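Heads up: the protein sequence lines correspond to chains X and L, in order.
Mapped onto my numbering, the consecutive letters of the first sequence carry residue numbers 1390 to 1773.
Mapped onto my numbering, the consecutive letters of the second sequence carry residue numbers 513 to 725.
A quick write-up on the structure given underneath.
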Amino acid sequence: MNSSPPHSEADRLLDYAYGELSPTEKDAFETHLHGCPTCSEELASIRGVRRAMARLEDEPAPMQGWESLKVYAEQAARRMQAEPTPRAGRRWRQWLAPLTALAAAGVVAGVAMDVLEQSPTLSERRATALQSAEPPAATAPQSLPPPADVMAAQGSREEMGAGAPKDVVRLRKKSKTVNDDVFGHDVMGTNKPATAAPARPAREAPPTPFVDKGVSNAPPPVARPAEQPKAFDEAMEYRAGGMSKSSKHEATAPAPAKRTPAGKKTLAERKEDSAAEAEPALRGSSVAGAASEENAVAGTRAPGALSVAPSANVSLQGRAAQLRVLLANKPQGEALQDILSELCDVAWELRWYSDARGYCSRLVEEFPNSANARVARERLGPPP
Amino acid sequence: MGGLLEQDASDEELMLAFRAGDARAFDALARRHHAAIFNFIVRFVGQRERAQDVLQDTWLKVIRSASEYAAKAKFRTWVFTIARNLCVDAARKEKFRHAESLDAPRRGHEEGAAGAVLGETIADSTFDPERGAHNVTLRPLLLQALQSLPEEQREVFLLREYSGIPFKEIAVVTGVSENTVKSRMRYALEALRRRLAELGVDGDLLDEGRAAG
């Protein structure tokens, strides 16, 4: 392999060595091979390595937890049978709510601005909101409901109220007390000092057209059943049964075991709109992460405040705040990727381009081969 | 689903049957690919215990994502993409843990597995005395050679050599171009050739292995 053939030949050599050439191509290459000592030598070398590595026998695959996995599959099959319609393009629809809400914001922006101008306190809050991601509407009276289109777009999350599994409902009940934290200074102050948040320009150049992220590393999960069947918990033992030392180490993280899946559910909920799913306890998360989960659920239920438009904007800014809290908890792996990906999206939507670039860049650095990174790269490409 | 569970049912048919609500289709599908996916994972992450976790995560993700499975997508490509991404995450986590635990023995934490280098861990975890004297000699060396590859080369080599996935599909699984895949494959083969020579895995040892096999 010392004197490698040219790339085109080398590619064909690989195809030949691995039987990927068509019969015609194969014949043609064999003709070339007879007259090319370089390729012949290279081929012999490849075959030598393959022969050696072929001596590595397969490991017997573990079957532990198989029955539990089957139970989980049966439950998923029943769910899919009950809800057969594929939910393609949900990520696109995910952005319908904030975009529609932003359009609505234009209608009532004048009213909102007037109210803010008349109130010194609110004006101050507006100024700080730009840095702390706190929406000015957080302190406004809670009166007006969102318009029908916003409701429709956000309905996915609201639908969970009726059909949501018990754990989500439980979190929502708790969330009443943490709503203020989600949109208030305390949480953000604790996890991310106001000085750490860069001041955002009042107006920046318009963003490049939003790019739908399409598929992520893996497609979003299936719909969550209305009731969590008992067998599902058993299925989750599948995962626990095969838990490695490292996983156990994670499981001993400060978060209570029951809350462990919460951090991931938040992300799943975001990805799939209404289709929250009974996701197993795969990875650990911190108490703060669990609290943020509650906050996240609470955020979706936060009543409209000053007006419809700020309310919708609050949702996006509030989400940014939640994500920052989650990020501050130093998530790993897929959770980190999901958070960075959403922060990249949300900051971009909010026109916090400086932040967006930071999150997108980190996403590309940390997960260069992911589909999310490809989207982030596109976003980073043409500067707005 | 009647005859669809027969041997000749394609992966895609089985997956669609599962998506339509037939859990037996998933069972058939998983049994068909379980060993291949596990072996890809264990050779990627280099440790059986961790590979079991990743394997379970892979199947759970397949189940959870079944409703999103597109009929035009090849199931094998799809499931290996899931497995590969989980492997990448697991490897990254492991690097992080390893970096954190570098000083652990000196700080008085338990020594042994935490301090073992990757190659040693693999050799220990996969050692099976019942597989014959040949494996005792050769297997750890082959695993060591595999683990010496950079991750992006190793995954391409594993997918092509052991999982039998064509280069074009590997490009989809790994999210890079086919040219990049082939380039990585060339580097992997060259690196393996050198490493095997360094480890003394050539003529004699292989002949010995063939005799033992």
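Beta carbons are placed, not taken as given, at the ideal position from N, Cα and C, and that holds for glycine.
These figures come from a predicted structure and were not determined experimentally.
#1: Go ahead and pull the three-state DSSP assignment for N551 of chain L.
#2: Rounded C-beta distance between A700 of chain L and F669 of chain L? I'm assuming under 8 Å.
#3: With a cut-off of 8 Å, does the C-beta of K1415 of chain X fall near any C-beta of chain L?
#4: Do A521 of chain L and A1466 of chain X have their beta-carbon atoms positioned less than 8 Å apart in this structure?
#5: Determine whether the Cβ of M697 of chain L lies closer than 8 Å to any Cβ atom of chain X.
#6: Taking the alpha-carbon of Q1726 of chain X as reference, which of X:S1397, X:G1707, X:A1765, X:R1708 has the nearest alpha-carbon?
#7: Under the rule that 16 or more other beta-carbon atoms within 10 Å means buried, what is T1413 of chain X, buried or exposed?
#8: Based on Cα-Cα distance, which residue from X:L1458, X:R1436, X:R1440, X:R1439 lies nearest to D565 of chain L?
#9: Just curious, the alpha helix (DSSP H) that Y1748 of chain X is in, first and last residue?
#10: Would you mind stating whether L1445 of chain X and L654 of chain L have Cβ atoms separated by less than 8 Å?
#11: To the nearest angstrom, report how far apart R698 of chain L and V685 of chain L are at their CA atoms.
#12: Which first and last residues belong to the alpha helix (DSSP H) in which M1809 of chain X is found?
#13: By the DSSP assignment, the alpha helix (DSSP H) with R531 of chain L in it spans what residues?
#14: Which residue comes first and which comes last in the alpha helix (DSSP H) that contains N691 of chain L?
#15: Please confirm whether L1402 of chain X and E1448 of chain X have their CB atoms less than 8 Å apart.
#16: Answer with yes or no whether the minimum CB distance from R1766 of chain X to chain L is below 8 Å.
#17: If we count the other Cβ atoms within 10 Å of its Cβ and call it buried at 16 or more, is F608 of chain L buried or exposed?
#18: Just checking: is the beta-carbon of R1713 of chain X within a distance shorter than 8 Å of some beta-carbon in chain L?
#19: From the beta carbon of A540 of chain L, is the nearest beta carbon of chain X less than 8 Å away?
#20: So, Y581 of chain L versus W590 of chain L, is the Cβ gap smaller than 8 Å?
#21: Can you tell me where the alpha helix (DSSP H) with P1426 of chain X in it begins and where it stops?
#22: Is P1412 of chain X near the ligand ADP, in the sense that its beta carbon is under 7 Å from a heavy atom of that ligand?
#23: To the nearest whole angstrom, what separates the beta carbons of I549 of chain L and K573 of chain L, a pair I think is in contact under 8 Å?
#24: Quick check on this structure: which residue in L:Q656, L:A578, L:P652, L:A532 has the alpha carbon closest to the alpha carbon of Q1470 of chain X?
#25: Give the secondary structure of Y581 of chain L by DSSP, where H, G and I count as helix, E and B as strand, and everything else as coil.
#26: Please confirm whether F592 of chain L and R666 of chain L have their CB atoms less than 8 Å apart.
#27: Applying a beta-carbon distance threshold of less than 7 Å, which residues of chain L neighbour L1458 of chain X?
#28: For R706 of chain L and F1756 of chain X, I'd like the C-alpha separation in whole angstroms.
#29: Starting from A1399 of chain X, find everything on chain L with Cβ-Cβ shorter than 8 Å and list it in chain order.
#30: Could you give the first and the last residue of the continuous alpha helix (DSSP H) run that contains N1761 of chain X?
#31: Comparing the C-beta of N1758 of chain X with each C-beta of chain L, is any distance below 8 Å?
#32: Which residues in chain L sit within 8 Å of Q1470 of chain X, going by Cβ to Cβ distance?
#33: Out of curiosity, what's the CA-to-CA distance linking E525 of chain L and H1423 of chain X?
#34: Please go through the same chain and pick out, in chain order, the residues whose beta-carbon is closer than 7 Å to the beta-carbon of P1736 of chain X, but skip the five residues on each side of it.
#35: To the nearest angstrom, how far is it from the Cα of A683 of chain L to the Cα of G1770 of chain X?
#36: To the nearest angstrom, how far is it from the Cα of A1542 of chain X to the Cα of N1718 of chain X?
On the basis of the coordinates in this document:
#1: The DSSP-derived three-state label of N551 of chain L is helix.
#2: 4 Å
#3: no
#4: no
#5: Cβ-Cβ to chain X under 8 Å: yes for M697 of chain L.
#6: X:A1765
#7: Exposed, by the Cβ-count rule.
#8: X:L1458
#9: 1742-1755
#10: yes
#11: 18 Å
#12: Since the first residue shown for chain X is 1390 and the last is 1773, residue 1809 of chain X is missing from the structure and cannot be characterised.
#13: 523-531
#14: For N691 of chain L, the enclosing alpha helix (DSSP H) has its first and last residue at 690-710.
#15: no
#16: No, no contact with chain L.
#17: exposed
#18: no
#19: Not closer than 8 Å to any Cβ of chain X, the Cβ of A540 of chain L fails to qualify, so no.
#20: yes
#21: P1426 of chain X -> alpha helix (DSSP H) spans 1426-1442.
#22: In terms of ligand content, the structure shown is empty, and the ligand ADP therefore cannot be addressed.
#23: I549 of chain L to K573 of chain L, Cβ: 12 Å. No contact.
#24: L:A532
#25: coil
#26: A distance of 8 Å or more separates the beta carbons of F592 of chain L and R666 of chain L.
#27: W571
#28: 30 Å
#29: Per Cβ cutoff of 8 Å: K694, R698.
#30: 1760-1769
#31: yes
#32: A532, G533
#33: 43 Å
#34: Rather than Pro, the amino acid found at residue 1736 of chain X in this sequence is Ala. For A1736 of chain X, where only same-chain residues beyond five positions count, the Cβ hits under 7 Å are A1709, D1744, A1745, Y1748.
#35: 23 Å
#36: Bear in mind that the predicted position of A1542 of chain X carries a pLDDT of just 30, short of 50, making it too unreliable to give a figure here.
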